[in-house]
Amino acid sequence: MNLHFTEEQQMVLETVRGFAEKEVKPVASKMDAASEFPHALVKGLGEMGLMGAFIPAEYGGSGMDLLTYILAMEEISKAWASLGVVMTVNNSLACDPINRFGTKAQKEKYLVPLAQGRLLGCYALTEPGAGSDAGGIATQARKDGGHYVLNGTKLFITNGKNADVAIVYAVTDPARGKKGISAFIVEKAFSGFVVGKIEDKMGLRGSDTAELIFQECRVPAENLLGVENEGFKIALATLDGGRIGIAAQALGIAQGCLEESLAYAKERKQFNRPIGDFQAIQNMLADMKTEIDAARLLTHRAAWSRHQGRLVTAIAAEAKLYASEMANRVAYKAVQVFGGYGFIKDFPVERFYRDARITTLYEGTSEVQRMVIARHLL
Ligand code: CAA
Numbered sequence: 001m002n003l004h005f006t007e008e009q010q011m012v013l014e015t016v017r018g019f020a021e022k023e024v025k026p027v028a029s030k031m032d033a034a035s036e037f038p039h040a041l042v043k044g045l046g047e048m049g050l051m052g053a054f055i056p057a058e059y060g061g062s063g064m065d066l067l068t069y070i071l072a073m074e075e076i077s078k079a080w081a082s083l084g085v086v087m088t089v090n091n092s093l094a095c096d097p098i099n100r101f102g103t104k105a106q107k108e109k110y111l112v113p114l115a116q117g118r119l120l121g122c123y124a125l126t127e128p129g130a131g132s133d134a135g136g137i138a139t140q141a142r143k144d145g146g147h148y149v150l151n152g153t154k155l156f157i158t159n160g161k162n163a164d165v166a167i168v169y170a171v172t173d174p175a176r177g178k179k180g181i182s183a184f185i186v187e188k189a190f191s192g193f194v195v196g197k198i199e200d201k202m203g204l205r206g207s208d209t210a211e212l213i214f215q216e217c218r219v220p221a222e223n224l225l226g227v228e229n230e231g232f233k234i235a236l237a238t239l240d241g242g243r244i245g246i247a248a249q250a251l252g253i254a255q256g257c258l259e260e261s262l263a264y265a266k267e268r269k270q271f272n273r274p275i276g277d278f279q280a281i282q283n284m285l286a287d288m289k290t291e292i293d294a295a296r297l298l299t300h301r302a303a304w305s306r307h308q309g310r311l312v313t314a315i316a317a318e319a320k321l322y323a324s325e326m327a328n329r330v331a332y333k334a335v336q337v338f339g340g341y342g343f344i345k346d347f348p349v350e351r352f353y354r355d356a357r358i359t360t361l362y363e364g365t366s367e368v369q370r371m372v373i374a375r376h377l378l
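Heads up: the sequence shown begins at 1 in the UniProt record's numbering, then just goes up one per residue.
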């Protein structure tokens, strides 16, 4: 697909591609197998300005447009989806809400180091009893003088173990249901903030997924993000952007599958010829390419529109729905092209296949994306 990128977009794309090829790809499978969090690579992303890619320069970011960021996300995820998710959570789920809803003081204190990659952020919404029904959270935040006191448990929090700062959603007015939820910027160092169970996952083994427990955790009132009781809207508006990031991650995984499959189809010989000579393999490669291009167009449309300041709730959901389902279909085909070797950990398609699976689940399942799209239609 030949979209015309600006000179700056092309330059960022080439720089990130170089970093991904040289620094990320060679270590990805080994670190993944060891479930090793990529501290040094995250530092590298920070040095390239990719941990606060679209945050204004005055708050420590690179001031890129959202499409440029999405191009970078795809390249990083193509090399290693675990690193991609660390990057998108920090950019879209931690930096972005502070940039959109934070005070100047909050931006100076938290956004600058997060965007520079000196601190790592996470987004703590999901709970054991509130996954798709995110408005049903039970974590409480009770006002006590100049503080809010948080009690509750968050589950499946990406970056939860390694993050320094969490955007935490909690109920400030239990009588008002989801209209009584507020958002808080919570430092890991605050007393009563404990990291619980670390999940052992099928994929994304280089990224940590943690339970976060709040036990009488005292958060200064000035760390309330946005307006009290309007936190659920902050959570959903934030996810509009996050879902575009996950669509880009899915694109990266799928593009990685296609490139590996193409190389293998040219090199692997059966019946005295490269398997790419067989129409059965050609059909799979052609379908992979077509679906990837379709997903890329949806994803770029959503990124471009959000950058223009438009409401992208439905088109971000479309991009995420299609790209994530597509990545799973493409990863399935990639393993098929590789035959038995696709099932073996020596080849990256085995990792792509496992990593693709989460993309239809987090930041809203495919079923939730369809709900969002249908509500906008009706
Ligand atoms: N932006 C701003 N406001 C929005 C909004 C948006 N995108 N979408 C809805 N709202 C507003 C609504 O207008 C409504 O406002 P009013 O009360 O004033 O009318 C309010 O928010 C509540 O909206 P709904 O009544 O539509 O909410 P709902 O309870 O029916 O839930 C939902 C809607 C789409 C199902 C939502 O709960 C949802 O997205 N669920 C999935 C949760 C999710 O994605 N979790 C991801 C966790 S993070 C993660 O996964 C990160 C990671 O690991 C990488």
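Yeah, the Cβ is synthetic: ideal placement off N, Cα and C, and Gly gets one too.
Enclosing alpha helix (DSSP H) for residue i [first to last residue]
i       : result
Gln-9   : 7 to 19
Arg-375 : 366 to 377
Arg-296 : 279 to 307
Ala-72  : 66 to 79
Residue i, DSSP secondary structure in three states
i       : result
Pro-113 : helix
Asn-2   : At Asn-2, the pLDDT of 49 sits below 50, so the modelled position is not reliable; the number obtained from the coordinates is stated separately. If DSSP states are grouped into helix, strand and coil, Asn-2 belongs with coil.
Arg-100 : helix
Glu-36  : coil
Asn-151 : strand
Lys-43  : helix
Val-27  : helix
Gln-255 : helix
Glu-230 : strand
Met-87  : helix
Arg-351 : helix
Leu-225 : strand
Arg-273 : strand
Phe-156 : strand
Ala-53  : coil
When the options are compared against residue i, the one with the closest alpha-carbon
i           : options                               : result
residue 388 : Ala-374, Leu-377, Glu-363 and His-376 : Summary: the structure shown does not reach residue 388, with the chain confined to residues 1 through 378, and so no result is reported for it.
Arg-306     : Ile-244, Leu-297, Arg-357 and Asn-272 : Ile-244
Gly-44      : Lys-30, Phe-54 and Leu-83             : Leu-83
Ala-331     : Arg-310, Phe-54 and Gly-342           : Gly-342
Glu-350     : Gly-117, Pro-220, Glu-260 and Ala-280 : Glu-260
residue 384 : Cys-217, Lys-289 and Arg-142          : Because the chain spans 1 through 378 in this model, residue 384 falls outside it and cannot be assessed.
Lys-233     : Ala-303, Phe-271, Gly-276 and Tyr-169 : Tyr-169
Ile-275     : Ala-28, Ala-105, Val-337 and Gly-49   : Val-337
Gln-9       : Lys-22, Ala-28, Gly-309 and Ser-62    : Ser-62
Gly-136     : Val-112, Asp-173 and His-147          : Asp-173
Ala-79      : Glu-291, Arg-301, Asp-32 and Ala-302  : Asp-32
Thr-365     : Ile-246, Ala-303, Thr-290 and Gln-270 : Ile-246
Ala-237     : Leu-204, Glu-7 and Val-372            : Val-372
Gly-52      : Phe-101, Ser-29 and Ala-115           : Ala-115
Ala-105     : Asp-144, Asn-223 and Thr-88           : Asn-223
Beta-carbon proximity of residue i to residue j, cut-off 8 Å
i       : j       : result
Leu-125 : Ala-138 : no
Ala-175 : Cys-122 : no
Gly-160 : Ala-210 : yes
Lys-333 : Asp-293 : no
Cys-95  : Ile-157 : no
Ala-254 : Met-202 : no
Ile-185 : Leu-225 : yes
Tyr-69  : Asn-91  : yes
Phe-347 : Gly-256 : no
Met-48  : Thr-6   : no
Leu-204 : Ala-81  : yes
Ala-316 : Ala-302 : yes
Glu-75  : Ala-28  : no
Leu-321 : Arg-357 : no
For residue i, the first and last residue of its enclosing beta strand (DSSP E)
i       : result
Lys-320 : From DSSP, Lys-320 is part of no beta strand (DSSP E) but of the alpha helix (DSSP H) over 313 to 338.
Thr-359 : Taken as a continuous stretch (DSSP letters only), Thr-359 belongs to no beta strand (DSSP E), as it is neither H nor E.
Ser-182 : 181 to 187
Tyr-169 : 165 to 171
Ala-124 : 121 to 124
Thr-209 : 209 to 220
Lys-197 : 193 to 198
Arg-142 : 140 to 144
Whole-number beta carbon distance between residue j and residue i, since they are thought to touch under 8 Å
i       : j       : result
Gly-196 : Leu-212 : 7 Å
Gly-117 : Gly-177 : Wrong, their Cβ atoms sit about 37 Å apart, outside the cutoff.
Gly-146 : Pro-220 : 6 Å
Ser-35  : Gly-242 : So it is not a contact: roughly 24 Å between Cβ atoms.
Val-149 : Cys-217 : 7 Å
Ala-248 : Ser-324 : Contact flag wrong, Cβ pair sits at about 11 Å.
Leu-119 : Tyr-59  : Rounded, the Cβ-Cβ distance is 13 Å, inconsistent with contact.
Gln-215 : Asn-162 : Between Asn-162 and Gln-215 the Cβ distance is about 21 Å, and since that is not below 8 Å, they are no contact.
Pro-26  : Val-86  : About 18 Å; that fails the 8 Å criterion.
Chain D contact for residue i (CB, 8 Å cutoff)
i       : result
Glu-318 : Included in the structure is just one protein chain, with no chain D present.
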